[in-house]
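The next block holds one structure in the form of structure tokens; read it before the comments.
2 protein chains.
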Amino acid sequence: MTEALHDEDGSRWAGRDAGQPERQQTVDARTISAAALKLFAERGYRATTMSDIGAAIGIRGPSLYRHVTSKQVLLGGIMVDTMRALIADQQAALDAGGDVPLQLRRIVEAHVRYHAAHREQAFVGNREIENLEQPYRDQVLRLRRTYERGLRTVIERGCAEGDFTVAEPRLASYAILDMGMGVSAWFRPDGPHGAERIAYAYADYAIRMLTGWSSSDGATTADA
Amino acid sequence: MTEALHDEDGSRWAGRDAGQPERQQTVDARTISAAALKLFAERGYRATTMSDIGAAIGIRGPSLYRHVTSKQVLLGGIMVDTMRALIADQQAALDAGGDVPLQLRRIVEAHVRYHAAHREQAFVGNREIENLEQPYRDQVLRLRRTYERGLRTVIERGCAEGDFTVAEPRLASYAILDMGMGVSAWFRPDGPHGAERIAYAYADYAIRMLTGWSSSDGATTADA
DNA sequence: GATCCGAGCTGACGACCATTAGCTTAGAAG
DNA sequence: CTTCTAAGCTAATGGTCGTCAGCTCGGATC
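Note that the protein sequences, when read in sequence, are chains A and B. Per the numbering used here, numbering through the first sequence is continuous, rising by one, with the last residue being 361. Per the numbering used here, numbering through the second sequence is continuous, rising by one, with the last residue being 361.
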């Protein structure tokens, strides 16, 4: 691990002179969760110590326990909240009505927008599932299945009504969900594409892949 | 961590009676790497101990050091090999010639096929980048950029020659790569879709998203 | 001014882990 | 039979980490 340099900040009580992280205005569960999220996203859950999280908001590791019950609860809260937010956005997209292709566009835009605008939540939510312990893990997996079903159902409806032409709606739904999830891995707020542009472009991609003709040549290139 | 149950196997020298994992025929660097790959894929690098890896092939943790130099080198080897294999497959797809849409199909099929057929390698390769230390990390990131460039170049050529109609080739290349990478997260060899079918379907999706018309209604549903 | 309490802090405690050191054995080599 | 060595093993080393205990300070309350 070459990434050390935690600059522990030797100053104690009587000298709030310098020190990089500088205490937050208020230290509460929400502040801690935000700091934890950032660190989980950039180092991973297991590589992040309670001391790291404390340092990020200007207190020591053990002091965190005045506000949160454990590191695992911190992760669980982040992941459950993330799934709930995704599902709420998806539901809002569905509730907005319109024909099936429009609903699909709204769903995909919501999906991608979330993965860009809340890339840390989404990234942690996807990467740390096996570090989540049991009350949480099943809960998150359940929510995840609900979310997947939302998109798949729209695709299936589109196929039934003749708007879409895919042989395997489930496969197509995975493809669309996964390409959106990927955004959380590379998106940067100061990057060349804004979240809104990406969401729009990806919704286009999704509609295209569901509505195109059967592609060019029918032969697989199987040989490996 | 509820997933314990390592069944340490109390038998020592004089009794090769039972014991779950049963020693492999030969214990060499390749066997160890295979066991490590499996465990890294299902638990993550940091959650896997050298003792776990040893147990998987029927020896103790410290004995591994007769064959490999460190856990980190194990991870580095896996990830570098994975990127090299991906690049080799991609290059083979390009070398097969054909027009741009056919090349694209071959590239995407190779990409998806690898992520299905070698899901553990691909999964670890994507998930453990920040656990990779410095000689390896840069090497893998370099290889990854090379790989990305391969697909992007084909898309750009297709746009220039009028085969494809996407505004942002880079964005489209990310979408295609990410949807393929997602396969390594959910694919199961005994699942309902074979790797070959998935590769073919995904190549279709890719071609559709690059060649479709500009989608239905032009308005973004931006409002959040 | 005395008291109280929330919220820091330091210093354990107990567990785990990668890696090293040094012992031992089985089988090859002579 | 003796010797050597590859490849196991156990035990230790040095480190880290989550969490708990107990101390202390500053400000609010009376």
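A virtual CB, placed ideally from N, CA and C, is assigned to each residue, including glycine. This one's a predicted model, so the numbers in the text were calculated from it and none came from an experiment.
Could you check if leucine 142 of chain A is buried or exposed, using at least 16 other CB atoms within 10 Å of its CB as the buried criterion?
For the purposes of this step, residue 142 of chain A is identified with residue 5 of the first sequence, where counting begins at 1. Low confidence applies here, because leucine 142 of chain A scores a pLDDT of 29, under 50, leaving its location unreliable; read the following figure in that light. Taking all protein chains in view, the Cβ of leucine 142 of chain A is surrounded by fewer than 16 other Cβ atoms within 10 Å, so the residue is classified as exposed.
Who are the neighbours of isoleucine 335 of chain A on chain B, taking C-beta pairs under 8 angstroms?
Reading the first sequence from its first residue, position 198 is the one you call residue 335 of chain A. Within chain B, the residues near isoleucine 335 of chain A are Leu308.
Take the Cβ of glutamate 246 of chain B as the centre, count every other Cβ of all protein chains shown within 10 Å, and call the residue buried at 16 or more, exposed below.
For this step, residue 246 of chain B is matched to residue 109 along the second sequence. Counting the other Cβ atoms within 10 Å of the Cβ of glutamate 246 of chain B gives 16 or more, which makes it buried.
Should aspartate 354 of chain B be labelled buried (16 or more other beta-carbon atoms within 10 Å of its own) or exposed?
The count along the second sequence starts at 1 and reaches residue 354 of chain B at position 217. Residue placement at aspartate 354 of chain B cannot be trusted, given a pLDDT of 43 that sits under 50; what the coordinates show is reported in the next sentence. Classification for aspartate 354 of chain B: exposed.
Which of the three DSSP states is assigned to threonine 348 of chain B in this structure?
As a position in the second sequence, residue 348 of chain B is number 211, starting the count at 1. Threonine 348 of chain B: helix per DSSP, three-state reduction.
I'd like to know if arginine 264 of chain B contacts chain A, where contact means its C-beta is closer than 8 angstroms to some C-beta of that chain.
Position 127 of the second sequence, counted from the first residue, corresponds to residue 264 of chain B. Closer than 8 angstroms to some Cβ of chain A, the Cβ of arginine 264 of chain B qualifies, so yes.
is_contact[alanine 193 of chain B, chain A] using C-beta, thresh 8 angstroms:
Position 56 of the second sequence, counting from 1, holds the residue named residue 193 of chain B. The C-beta of alanine 193 of chain B comes no closer than 8 angstroms to any C-beta of chain A.
Rounded to the nearest angstrom, what separates arginine 221 of chain B and tyrosine 284 of chain B at their Cα positions?
Here residue 221 of chain B corresponds to residue number 84 of the second sequence, with the count starting at 1. Here residue 284 of chain B corresponds to residue number 147 of the second sequence, with the count starting at 1. Cα to Cα, the separation comes out at about 9 angstroms.
Going by beta carbon distance, what residues of the same chain come within less than 6 angstroms of alanine 259 of chain B, once the five residues before and after it are set aside?
The residue given as residue 259 of chain B occupies position 122 in the second sequence. Cβ within range, chain order: His252 and Ser321.
Any C-beta of chain B under 8 angstroms from that of threonine 348 of chain A
As a position in the first sequence, residue 348 of chain A is number 211, starting the count at 1. Chain B contact via Cβ: present.
How big is the Cα-Cα spacing for aspartate 275 of chain B and threonine 219 of chain B?
Here residue 275 of chain B refers to the residue found at position 138 of the second sequence. Here residue 219 of chain B refers to the residue found at position 82 of the second sequence. Near 15 angstroms, if we compare the C-alpha coordinates of threonine 219 of chain B and aspartate 275 of chain B.
Per-residue DSSP class, three states only, for aspartate 300 of chain B:
One-based indexing of the second sequence puts residue 300 of chain B at position 163. Shown here, aspartate 300 of chain B sits in coil according to DSSP, grouped into three states, outside any helix or strand.
Comparing the C-beta of glycine 234 of chain A with each C-beta of chain B, is any distance below 8 angstroms?
Within the first sequence, residue 234 of chain A is the residue found at index 97, counting from 1. By this cut-off, glycine 234 of chain A is not an interface position.
Quick check: what's the CA-CA separation for alanine 370 of chain B versus tyrosine 337 of chain A?
With chain B represented from 138 up to 361, any question about residue 370 of chain B goes unanswered, as that position is not in the structure.
Starting from leucine 308 of chain B, follow the alpha helix (DSSP H) in both directions and report where the run begins and ends.
To locate residue 308 of chain B, count along the second sequence from 1; it is residue 171. It spans 306-323 - the alpha helix (DSSP H) in which leucine 308 of chain B sits, taken as one unbroken run.
Separation of tyrosine 202 of chain A from threonine 163 of chain A, as counted between CA atoms:
As a working note, residue 163 of chain A is residue 26 in the first sequence. As a working note, residue 202 of chain A is residue 65 in the first sequence. Rounded to whole angstroms, threonine 163 of chain A to tyrosine 202 of chain A spans 15 angstroms at the Cα level.
By the criterion of Cβ-Cβ separation under 9 angstroms, what are the contact partners of glutamate 298 of chain A in chain B?
Reading the first sequence from its first residue, position 161 is the one you call residue 298 of chain A. By Cβ distance, chain B contributes nothing, its closest Cβ being about 14 angstroms from glutamate 298 of chain A, past 9 angstroms.
Under 9 angstroms (Cβ pairs) to chain A, residues found in the region 312-324 of chain B
From the region 312-324 of chain B, only Ala312, Ile313, Leu314, Asp315, Met316, Gly317, Met318, Gly319, Val320, Ala322 and Trp323 have a Cβ closer than 9 angstroms to chain A.
Cβ atoms of methionine 216 of chain B and leucine 269 of chain B: under 8 angstroms apart, would you say?
Indexing the second sequence from 1 puts residue 269 of chain B at position 132. Indexing the second sequence from 1 puts residue 216 of chain B at position 79. Result yes, Cβ atoms of leucine 269 of chain B and methionine 216 of chain B sit closer than 8 angstroms.
Taking C-beta to C-beta, are serine 200 of chain B and glycine 214 of chain B nearer than 8 angstroms?
The sequence position of residue 200 of chain B within the second sequence is 63, counting from 1. The sequence position of residue 214 of chain B within the second sequence is 77, counting from 1. No, the Cβ-Cβ distance between serine 200 of chain B and glycine 214 of chain B is not below 8 angstroms.
Against chain A, which members of the region 173-193 of chain B pass a CB distance test of less than 7 angstroms?
Of all residues in the region 173-193 of chain B, the ones placed with a Cβ closer than 7 angstroms to any Cβ belonging to chain A are Arg180, Gly181, Arg183 and Ala184, in chain order.
Quick one: measure Cβ to Cβ for alanine 230 of chain B and arginine 243 of chain B, integer angstroms, because I've assumed they're closer than 8 angstroms.
In the second sequence, residue 230 of chain B corresponds to position 93, counting from 1. In the second sequence, residue 243 of chain B corresponds to position 106, counting from 1. Right, the Cβ-Cβ distance comes to about 4 angstroms (below 8 angstroms), so this counts as a contact.
Identify the contact partners of alanine 338 of chain B in chain A, using a Cβ-Cβ distance below 9 angstroms as the criterion.
Residue mapping note: residue 338 of chain B aligns to position 201 of the second sequence, counting from 1. Using a Cβ-Cβ cut-off of 9 angstroms, alanine 338 of chain B is close to Val303, Ala304, Glu305, Leu308, Ala309 and Ala312 of chain A, given in chain order.
Using a threshold of 8 angstroms, state whether the C-beta atoms of leucine 211 of chain A and isoleucine 292 of chain A are closer than that.
Here residue 211 of chain A is taken as the residue at index 74 of the first sequence, counted from 1. Here residue 292 of chain A is taken as the residue at index 155 of the first sequence, counted from 1. Isoleucine 292 of chain A is positioned such that its CB atom lies no closer than 8 angstroms to that of leucine 211 of chain A.
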